[in-house]
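Those sequence lines, one after another, are chains A and B.
Take 1 as the starting number for the first sequence in our numbering and just add one per residue.
Take 1001 as the starting number for the second sequence in our numbering and just add one per residue.
What follows is one structure encoded as structure tokens, with my remarks underneath.
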Amino acid sequence: MRVNFTVNGRPQEADDVWEGESLLYVLRERLGLPGSKNACEQGECGSCTVRLDGVPVCSCLVAAGQVEGREVVTVEGLADFAKQRSCGTGTGAGACAGHTDATPDSAPQGVSLDEAKAWAARPQDSHTGEGAQLSPVQQAFIDAGAVQCGFCTPGLLVAADEMLERNPDPTDADIREALSGNLCRCTGYEKIMDAVRLAAARQGEAV
Amino acid sequence: MDFLRPASWQEALAAKAEHPTAVPIAGGTDVMVEINFDHRRPEYLIDLGRIGDLYEWEVGEDSVRLGASVPYTQIMENLRSELPGLALASHTVASPQIRNRGGVGGNLGTASPAGDAHPALLAAGAEVEVESVRGSRRIPIDDFYTGVKRNALAADELIRAVHIKKADGPQQYSKVGTRNAMVIAVCAFGLALHPETRTVRTGIGSAAPTPVRARTAEEFLDAALDEGGFWDNGKIITPSVAKQFADLCAAACNPIDDVRGTASYRRHAVGVMARRTLTWTWESYRGARRTTEGAA
């Protein structure tokens, strides 16, 4: 079957989708977006976490046919998603002033598949402001050393970003609960906690 | 495999009538695991995700009509005062990602003895609204679970909603597992005080082939509370009464040894949870009484 849906702000079409296929498989194998990781395939580990109509879900447990007409944000689109959000929520021109390359009125919104496939983590040099390709939560993960083998990172980033959107000033208990569905087998949880606290603090400063 | 996407409830019923072996999928948190692991290859999947009615709830005079697909997250956030037991149970389900997708309809459809919602539904009192092209009926929750992962649904029926009695007193829910998140219950216990009828209802999960009530324990406690005038005098429950109640709850179990725990551990743990939830709810009942009396 064919599935039409929006991925990272752009309409996409997946063909020859098997009826029992998961959204995760479609993203990774048909659209070439391997950011969402395939580990447990039973919703235990959270490494395939994406936003479906804004809500964090395990993409391995969503049937491909269920996303027809819906909006998905993957880790590849997280930086763009965060940028749109900070411009859209009225934090003022200041929040968007650094992104003069983006002209939402003329350029199409979202991230194209090719851009998403070519996405790579380019940490921002805080002194020169170069290479601003990361969402604040991604930058915080790098700065706090919260990435070890990296396999759980995409799911954690999506889950953490959503929590910070909902709850800008989380307690440690809030962070633990929000990330309770994401397993890190390197057990780097303390650094992950540091990263989310850092992202929250920076978000607070920016406002 | 065919993927059916009914746009309305009527279309879904027609599809289920035409293909009785079709598997309904809503949150997918059970069905997709089985498909991913090749444990199940249904001929047809019926996607219920487009039927908005299933995602809605109505708070009525005496009960809440909870759409089959209302995610656990919504129950936790919006129905805590009306359905405290179910809200607590919902909070113990897996992880945020799973709670954002899964709902009570799927828990009932799967009818696993370990389903988190069941003890809360049994304790609160509920009816399952099911429908087919032949018509609609309501199955009392006490008659719903018929065996391990079996329920009272006919092949052409779909679960539309659950009617759950609004709490008329304190409710509690307790679950034993190795950690807080992502745990299938070793065993679970739900308890609801019903001061209006001066009764207590229980629900036990994961300690028998189906979710069950501890009826003998309930009858014992109803009689003991009545005899001692506890509902009126609001005294602390006598330790011997609490112990007897706990023992009878443990005796209501018919557990097995499996990877999650042994039968004897489950029996013991159910007794402990019964005593604790009774204490918690009774303290809360006494506290509420004092407040009302103070105000009066």
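Idealized CB from N, CA, C, for every residue including glycine.
Please read these numbers as outputs of a predicted model, since none were measured by experiment.
{"Item": "Mind listing, in chain order, the continuous alpha helix (DSSP H) runs of no fewer than 4 residues lying wholly within the stretch 1007-1081 of chain B?", "Value": "1009-1018, 1031-1036, 1072-1078"}
{"Item": "When the cut-off is 8 Å and only beta carbons count, does B:S1096 lie next to chain A?", "Value": "The amino acid occupying residue 1096 of chain B in the given sequence is Pro; Ser does not appear at that position. It does: the Cβ of B:P1096 has a partner Cβ on chain A nearer than 8 Å."}
{"Item": "Name, please, each residue of chain B whose Cβ falls closer than 8 Å to the Cβ of A:S180.", "Value": "S1095, P1096, N1180, A1181, M1182"}
{"Item": "Using 10 angstroms around the beta-carbon of B:S1090, count the other beta-carbons present and answer buried if the total reaches 16, otherwise exposed.", "Value": "buried"}
{"Item": "Beta-carbon of A:G92 versus every beta-carbon of chain B: anything under 8 Å?", "Value": "With a pLDDT of 42 at A:G92, under the threshold of 50, the predicted position of this residue should be treated as unreliable, though the coordinate-derived value follows. Closer than 8 Å: no."}
{"Item": "In the DSSP assignment, find the unbroken beta strand (DSSP E) run with B:K1165 in it and report its ends.", "Value": "1158-1165"}
{"Item": "Which one of B:S1112, B:L1278, B:R1080 has the shortest CA to CA distance from B:F1189?", "Value": "B:L1278"}
{"Item": "In terms of residue numbering, what span does the beta strand (DSSP E) encompassing A:I192 cover?", "Value": "No beta strand (DSSP E) contains A:I192, which is instead part of the alpha helix (DSSP H) from 189-206."}
{"Item": "Mapping the DSSP letters down to three states, classify B:C1249 as helix, strand or coil.", "Value": "helix"}
{"Item": "Sorted by chain position, which residues of the same chain lie with C-beta nearer than 7 Å to B:A1263's C-beta, five sequence neighbours on each side aside?", "Value": "P1255, I1256, D1257"}
{"Item": "Excluding sequence positions up to five away, which residues of its chain have a Cβ less than 7 Å from the Cβ of A:M1?", "Value": "V17, E19, G65"}
{"Item": "Report the rounded CA-to-CA distance for B:G1261 versus B:V1186, giving the unit in angstroms.", "Value": "6 Å"}
{"Item": "On the three-pair Cβ rule with 8 Å, is the stretch 1093-1101 of chain B touching the stretch 1126-1136 of chain B?", "Value": "no"}
{"Item": "List the DSSP bridge partners of A:V55.", "Value": "A:L52"}
{"Item": "Determine, for A:A63, whether the minimum Cβ-Cβ distance to residues of chain B falls below 8 Å.", "Value": "yes"}
{"Item": "For A:G32, which residues in chain B fall below 9 Å Cβ to Cβ?", "Value": "By Cβ distance, chain B contributes nothing, its closest Cβ being about 21 Å from A:G32, past 9 Å."}
{"Item": "Could you name the residues of chain B that A:G46 contacts, counting a contact when the two beta carbons are closer than 8 Å?", "Value": "S1095, Q1097"}
{"Item": "Roughly how many whole angstroms lie between the Cα atoms of A:T100 and A:M163?", "Value": "Any reading at A:T100 must be qualified, since the residue scores a pLDDT of 44, below 50, and its modelled position is unreliable; no value is offered."}
{"Item": "Rank A:G35, A:G110, A:Q42 by C-alpha distance to the C-alpha of B:D1030 and give the top, closest one.", "Value": "A:Q42"}
{"Item": "What do you reckon, are the CB atoms on A:R51 and A:V158 nearer than 8 Å?", "Value": "yes"}
{"Item": "Using CA coordinates, which residue listed in B:D1062, B:E1077, B:E1058 is at the minimum distance from B:A1068?", "Value": "B:E1058"}
{"Item": "Kindly indicate if chain B contains any beta-carbon less than 8 Å away from that of A:M1.", "Value": "yes"}
{"Item": "When you compare only the Cα positions, how much space is there between A:G54 and B:H1163?", "Value": "29 Å"}
{"Item": "If we count Cβ pairs, one from each stretch, closer than 8 Å, do we get three or more for the stretch 1060-1080 of chain B versus the stretch 195-202 of chain A?", "Value": "no"}
{"Item": "In whole angstroms, what separates the C-alpha of B:H1019 from that of A:S180?", "Value": "39 Å"}
{"Item": "Looking at C-alpha atoms only, which residue of B:N1233, B:E1219, B:S1206 is the closest neighbour of B:V1270?", "Value": "B:S1206"}
{"Item": "By the DSSP assignment, the alpha helix (DSSP H) with A:Q138 in it spans what residues?", "Value": "136-143"}
{"Item": "Would a check of beta-carbon distances place A:C152 closer than 8 Å to chain B?", "Value": "no"}
{"Item": "B:G1028 and A:V62: beta carbons closer than 8 Å?", "Value": "yes"}
{"Item": "By the 10 Å Cβ neighbour count, where 16 or more other Cβ atoms means buried, how is A:P104 classified, buried or exposed?", "Value": "Confidence at A:P104 is low in this model, with a pLDDT of 48, below 50, so the placement of that residue should be treated as unreliable; the coordinate-derived value is given next. Label assigned to A:P104: exposed."}
{"Item": "Kindly indicate which three-state DSSP category B:Q1097 falls into: helix, strand or coil?", "Value": "helix"}
{"Item": "Mind checking B:S1240: buried by the 16 CB within 10 Å criterion, or exposed?", "Value": "exposed"}
{"Item": "Secondary structure at A:Q66, three-state DSSP: helix, strand or coil?", "Value": "helix"}
{"Item": "What does DSSP give as the partner residue(s) for B:H1194 in the beta ladder?", "Value": "B:T1199"}
{"Item": "For a cutoff of 8 Å on Cβ pairs, would you count A:S22 as touching chain B?", "Value": "yes"}
{"Item": "Just to make sure I have the definition right: I need the residues of chain A whose C-beta is within less than 7 Å of the C-beta of B:N1100. Which are they?", "Value": "V55, P56, V57"}
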